[in-house]
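Residue numbers (full-length UniProt numbering), protein chains in the order written: chain A, 1 to 388; chain B, 1 to 388.
We put the CB at the ideal spot given by N, CA and C, even for glycine.
Structure first, commentary second.
Protein chains: 2
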Amino acid sequence: MEKSVKSDSFNAIGKKALALHKKARGKFSVAAKVPVKNRDDLKLAYTPGVGAVSTYLAKNPKAARTYTMKGNSVAVISDGSAVLGLGNIGPYAALPVMEGKAVIFKEFADIDAVPIVLSTQDTEEIIKIVKAIAPAFGGINLEDIAAPRCFEIEARLKKELDIPVMHDDQHGTAIIVLAGLLNALKVVGKKISNVRIVISGAGAAGTAIAKILAAEHAGEILVLDRQGIIARRRTDLSPVKRELARLTNPRNVTGGLADALRGSDVFIGVSGASLATEAMIRSMNTKSVVFALANPIPEIMPDLALSAGAAVVGTGRSDFPNQLNNSQVFPGVFRGALDNRVKQITDQMKRRAARAIASLVPKPSKTHIVPDMFDKRLVKTVARAIKD
Amino acid sequence: MEKSVKSDSFNAIGKKALALHKKARGKFSVAAKVPVKNRDDLKLAYTPGVGAVSTYLAKNPKAARTYTMKGNSVAVISDGSAVLGLGNIGPYAALPVMEGKAVIFKEFADIDAVPIVLSTQDTEEIIKIVKAIAPAFGGINLEDIAAPRCFEIEARLKKELDIPVMHDDQHGTAIIVLAGLLNALKVVGKKISNVRIVISGAGAAGTAIAKILAAEHAGEILVLDRQGIIARRRTDLSPVKRELARLTNPRNVTGGLADALRGSDVFIGVSGASLATEAMIRSMNTKSVVFALANPIPEIMPDLALSAGAAVVGTGRSDFPNQLNNSQVFPGVFRGALDNRVKQITDQMKRRAARAIASLVPKPSKTHIVPDMFDKRLVKTVARAIKD
């Protein structure tokens, strides 16, 4: 009953969303920062005045950050290969999501973000294209690009461009999960160095979460892909997963989600594919923490997780307590990267950002571990953490 | 004296333009078309509601024109190789110009145009990149790309994309020149089929102007490049110029600008390089028409052309009478292309647009041959001409 009510209301939201998008004809639009109402305006904004700006920038290309959009712009780039939980649905279907991000960038961090969706899913081509279009932008937000391609693309672009590049599905998610976990562990009175954490999903988000938690010296981390727990003894691992196997699973165990969760302290679901049952949650240690982040349908609904004994439950959704969503992170990360002119968003900055988010809730509770994304302090606090 | 005053005021405009760009930090910004002020807004604009839009577009990609920015967006793309009259000054120096176009697109035609400047000048790479980023856009405005590369890029993209592609330096200029010429010839009482027209400059603009005038059965057309009059007997011609030689210069004459102008009726300057002297203008037929379109310094200043006997003089600048500038054209062309969902902007549409512009000045005079770019009728009138 509960489930069908949820799904009905989800359908109702979908219908409303379709109607809104149709009526507005999308969400992204452009606005002029200078007036162009008469000839005098145009002489400065366009010819002949703009010639002086171009001439100056020809000699001083780095001043583009001061005289052009570059100082405040981010390209939100997707190849449509891993859109929300919907999979490889292509550039047109990805576009409303990128427009949504652009609108959030604007409203929450006053960043001018431009949606770019690509008709190619070739790694080398994507790298070449992003590099070629980079001059107008002060940052690159990669979005909804499938693993493992996303790792290679991000790593190469970080190396080859002199503006910050972040794959938000990885790092935005990892930052908010770490922030939420730091405070959830406070609520249950456990230390990160002592807990066993199970991450279901070894895609973009799962990989980045495992890495940031390993950097935080989490007690024991198990990561699962579709074949089960990632372990050094497995022979079917990609290079990225072999790296995960080295970073995690010190006891080199194998098995499925039920095996992994038994006796663990924290469950972080970021796959959408593997559902967690009440029995699995019941098999965890007491005072367990459950972050069921699949969108729109969590790996386990919060009420079920709570009734199965979880002490703190978070989801990716805004209609349950403890939303953990990269929307709480990316506006502030890029605001900081632009304001502080950082060339790379480092692991240290990400961990600092997570701590800064956690610090905004000094007395966390079961139903309040991280600030609401409408918390006015959030963007500024994260932005301050993103500096060299 | 006159000249130094002009150049001082030009410097003053340049200084003001630099100050304005610095203060505003560029001209392009983003605005949300839907509210994202609270959770309910976000549920529709972003997750979970946007998932319904993405799911719908995965099945119906063509509906992107209705549900996303694609229905009203244009990418303004340059490789920075032929910026204004400044030459190959690169992507950063090109960016203020592209932002200026984006701002004009918005203010004059309510089109959401995105500046894209490229760090490559390789023809094949540019074609590949523009094709790859096309899904988010309803049209492609190529800008300030050097000839002859611009011809190949435009031709290939027109063939390979299903959205309208226009190199504005070519066709925006050709349309406004034809419009201006039709009315200027009315003023001087000459017929286009009887006049001799000299076009100085065989780059993007000169080539497109020659073609549109040939299609209008202009009496005789001579086009000059840096080596002089383009003629079939010349052996140094590129393929594009060989085509021009076939379309123009029926008497197969050679020589320089002075030779070409002697006894001609119309001078159209679009090179910036070759200056016209008063003596040359004096050697033209009576009631001559002079369009000195180089920006910011015309091939000959209007007062000099008039004192040397020209009957009608136009420039590319807004501070002289008879401004002929692609800004009068491109907002309407793309407004029409988007509204009428045309897949290609054809030669017929361009000639129709020129006639439509000319028709807005039913009684042209020496100092008023085309509508001001602030004429409210202009965009609508041009837009109506751009349909299948």
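- [ ] Please name the residue or residues paired with residue 115 of chain A in a DSSP beta bridge.
- [x] As a first step, residue 115 of chain A must be located in the first sequence, where it is residue number 115. Beta-bridge pairing links residue 115 of chain A to A:76.
Query raised in the report: Would residue 353 of chain B pass as a contact of residue 385 of chain B if the rule is Cβ separation under 9 Å?
Result: Position 353 of the second sequence, counting from 1, holds the residue named residue 353 of chain B. Position 385 of the second sequence, counting from 1, holds the residue named residue 385 of chain B. With respect to the 9 Å criterion, residue 353 of chain B and residue 385 of chain B are classified as neighbours on the basis of their beta carbons.
Residues of the segment 23-41 of chain A with Cβ closer than 8 Å to any Cβ of chain B, in chain order: With the criterion set as a beta carbon lying under 8 Å from some beta carbon of chain B, the members of the segment 23-41 of chain A are 24, 25, 26, 27, 28, 29, 30, 31, 32, 33, 34, 36, 37, 38 and 39, in sequence order.
Taking 9 Å as the cut-off, decide whether the C-beta atoms of residue 218 of chain A and residue 231 of chain A are in contact. Taking the first residue of the first sequence as position 1, residue 218 of chain A is located at position 218. Taking the first residue of the first sequence as position 1, residue 231 of chain A is located at position 231. The Cβ-Cβ distance between residue 218 of chain A and residue 231 of chain A does not fall below 9 Å.
field: 8 Å CB neighbourhood of residue 49 of chain B in its chain, flanking five on each side removed
entry: Taking the second sequence and counting its residues from 1, one reaches residue 49 of chain B at position 49. Excluding sequence neighbours, residue 49 of chain B sits near 43.
Of all the CB atoms in chain A, is at least one closer than 9 Å to the CB of residue 369 of chain B? Here residue 369 of chain B is taken as the residue at index 369 of the second sequence, counted from 1. Taking Cβ atoms only, chain A never reaches closer than 9 Å to residue 369 of chain B, which makes this a no.
Check: Between the C-alpha atoms of residue 25 of chain B and residue 105 of chain A, what's the straight-line distance to the nearest angstrom?
Finding: Taking the second sequence and counting its residues from 1, the one referred to as residue 25 of chain B is at position 25. Taking the first sequence and counting its residues from 1, the one referred to as residue 105 of chain A is at position 105. Distance between the alpha carbons of residue 25 of chain B and residue 105 of chain A is about 17 Å.
Can you tell me whether DSSP reads residue 323 of chain A as helix, strand or coil? Reading the first sequence from its first residue, position 323 is the one you call residue 323 of chain A. In this structure, residue 323 of chain A counts as strand in the three-state DSSP scheme.
7 Å Cβ cut-off: residues of chain B touching residue 112 of chain A: By 1-based counting over the first sequence, the position of residue 112 of chain A is 112. Within 7 Å Cβ-Cβ: 28, 29 and 30.
Does chain B have any CB closer than 9 Å to the CB of residue 20 of chain A? Along the first sequence, one-based indexing puts residue 20 of chain A at 20. Chain B, which has a Cβ nearer than 9 Å to the Cβ of residue 20 of chain A, makes this yes.
So with Cβ pairs under 9 Å, would you call residue 205 of chain A a contact of chain B? Looking up residue 205 of chain A in the first sequence gives position 205. Under the Cβ distance rule, residue 205 of chain A does not count among the residues neighbouring chain B, no pair being separated by less than 9 Å.
Open item on the list: Please list the terminal residues of the continuous beta strand (DSSP E) segment that includes residue 31 of chain A.
Closed with: For the purposes of this step, residue 31 of chain A is identified with residue 31 of the first sequence, where counting begins at 1. Residue 31 of chain A -> beta strand (DSSP E) spans 28-32.
Nearest by alpha-carbon distance to residue 369 of chain A: which of A:45, A:22 and A:176 is it? As a first step, residue 369 of chain A must be located in the first sequence, where it is residue number 369. When only C-alpha atoms are compared, the closest one is A:176.
- Task: Let me know the alpha helix (DSSP H) ranges lying completely inside the segment 144-209 of chain A, each 4 residues or longer, listed in chain order.
- Result: Within the segment 144-209 of chain A, the runs of alpha helix (DSSP H) at least 4 residues long that lie entirely inside it are, in chain order, 149-160 and 168-188.
If you reduce the DSSP assignment to three classes, tell me which class residue 288 of chain B lands in. Position 288 of the second sequence, counted from the start, is the residue given in the question as residue 288 of chain B. When secondary structure is reduced to three states using DSSP, residue 288 of chain B falls in the strand class.
Fill in: Coarse secondary structure for residue 346 of chain A, derived from DSSP in three states
Counting from 1 along the first sequence, the entry for residue 346 of chain A is found at position 346. In the structure shown, residue 346 of chain A sits in coil (DSSP, three-state: anything other than H, G, I, E or B).
- prompt: Using a C-beta cutoff of 9 Å, does residue 47 of chain B count as contacting chain A?
  reply: Residue 47 of chain B sits at position 47 when you count from the first residue of the second sequence. Yes - at least one Cβ of chain A is within 9 Å of the one on residue 47 of chain B.
Q. By how many angstroms is the C-alpha of residue 178 of chain A removed from the C-alpha of residue 27 of chain A?
A. One-based indexing of the first sequence puts residue 27 of chain A at position 27. One-based indexing of the first sequence puts residue 178 of chain A at position 178. Near 31 Å, if we compare the C-alpha coordinates of residue 178 of chain A and residue 27 of chain A.
Which listed residue (B:237, B:29, B:279 and B:15) has its alpha carbon closest to that of residue 56 of chain A:
Indexing the first sequence from 1 puts residue 56 of chain A at position 56. Closest in alpha carbon position to residue 56 of chain A, among B:237, B:29, B:279 and B:15, is B:15.
Notebook entry, point to check: Where residue 380 of chain A and residue 355 of chain A are concerned, what is the direct C-alpha to C-alpha distance, given to the nearest angstrom?
Noted result: Looking up residue 380 of chain A in the first sequence gives position 380. Looking up residue 355 of chain A in the first sequence gives position 355. C-alpha separation (whole angstroms): 14 Å.
- Query: Residue range of the beta strand (DSSP E) that residue 267 of chain B falls in?
  - Reply: Within the second sequence, the letter at position 267 stands for residue 267 of chain B. Note, residue 267 of chain B: beta strand (DSSP E), 266-269.
**Request:** Assess, as a yes-or-no matter, whether the segment 156-165 of chain A is touched by the segment 181-193 of chain A under the definition of 3 or more beta carbon pairs within less than 8 Å.
**Result:** No, they do not touch.
Residue 314 of chain B, DSSP secondary structure in three states: Along the second sequence, one-based indexing puts residue 314 of chain B at 314. Strand.
Worksheet entry | Neighbourhood of residue 199 of chain A by C-beta, 6 Å cutoff - its chain only, sequence neighbours within 5 removed | Locating residue 199 of chain A in the first sequence gives position 199, where the first residue counts as 1. The residues are 206, 209, 210, 223 and 268.
With 16 as the cutoff for other CB atoms within 10 Å, does residue 315 of chain A come out buried or exposed? Within the first sequence, numbered from 1, the residue matching residue 315 of chain A stands at position 315. Answer is buried; the Cβ neighbour count reaches 16.
Would you identify the three-state DSSP class for residue 365 of chain B, choosing helix, strand or coil?
To locate residue 365 of chain B, count along the second sequence from 1; it is residue 365. Shown here, residue 365 of chain B sits in a strand according to DSSP, grouped into three states.
(request) Assign residue 2 of chain B to one of three DSSP states: helix, strand, or coil. (result) As a working mapping, residue 2 of chain B is identified with position 2 in the second sequence. With a pLDDT of 40 at residue 2 of chain B, under the threshold of 50, the predicted position of this residue should be treated as unreliable, though the coordinate-derived value follows. Here residue 2 of chain B sits in helix by DSSP.
Residues in its own chain within less than 6 Å of residue 284 of chain B by CB, not counting five upstream and five downstream? Position 284 of the second sequence, counting from 1, holds the residue named residue 284 of chain B. Excluding its 5 nearest sequence neighbours in each direction, residue 284 of chain B has C-beta neighbours in its own chain below 6 Å: 261 and 264, listed in chain order.
Subject >> residue 349 of chain A to residue 156 of chain A span [Cα, whole Å] >> reply: Working through the first sequence from its first residue, we reach residue 349 of chain A at position 349. Working through the first sequence from its first residue, we reach residue 156 of chain A at position 156. One alpha carbon belongs to residue 349 of chain A, the other to residue 156 of chain A, and they sit about 19 Å apart.
Margin query: Measuring only the C-alpha atoms, how far is residue 280 of chain A from residue 37 of chain B?
Written below: As a position in the first sequence, residue 280 of chain A is number 280, starting the count at 1. As a position in the second sequence, residue 37 of chain B is number 37, starting the count at 1. Each residue's CA atom was taken as its position, placing residue 280 of chain A and residue 37 of chain B some 38 Å apart.
My understanding is that residue 74 of chain A touches residue 113 of chain A, with C-beta atoms under 8 Å, so please give their C-beta distance in whole angstroms. What you label residue 74 of chain A is simply residue 74 of the first sequence in a count that begins at 1. What you label residue 113 of chain A is simply residue 113 of the first sequence in a count that begins at 1. At roughly 4 Å, the Cβ-Cβ gap stays under 8 Å, so residue 74 of chain A and residue 113 of chain A are in contact.
*asked:* To the nearest angstrom, how far is the alpha carbon of residue 374 of chain B from that of residue 309 of chain B?
replied: By one-based count along the second sequence, residue 374 of chain B stands at place 374. By one-based count along the second sequence, residue 309 of chain B stands at place 309. Distance between residue 374 of chain B and residue 309 of chain B, taken at the CA atoms: about 30 Å.
Would you say residue 319 of chain B reaches chain A, if we count a Cβ-Cβ gap shorter than 9 Å as a contact?
By 1-based counting over the second sequence, the position of residue 319 of chain B is 319. At least one chain A Cβ lies under 9 Å of residue 319 of chain B.
Taking residue 160 of chain B as the query, report the chain A residues whose CB atoms sit under 7 Å from its CB, ordered along the chain. Mapped onto the second sequence, residue 160 of chain B falls at position 160. Those do not exist, as residue 160 of chain B stays about 11 Å from chain A at its closest Cβ, beyond 7 Å.
Exercise. Hey, would you say residue 136 of chain A sits closer than 9 Å to residue 70 of chain A, going by beta carbons?
Worked result: Locating residue 136 of chain A in the first sequence gives position 136, where the first residue counts as 1. Locating residue 70 of chain A in the first sequence gives position 70, where the first residue counts as 1. Cβ atoms of residue 136 of chain A and residue 70 of chain A: closer than 9 Å.
Margin query: Taking the straight line between their C-alpha atoms, what separation do you get for residue 372 of chain B and residue 297 of chain B?
Written below: Numbered from 1 along the second sequence, position 372 holds the residue referred to as residue 372 of chain B. Numbered from 1 along the second sequence, position 297 holds the residue referred to as residue 297 of chain B. So the two alpha carbons sit approximately 20 Å from each other.
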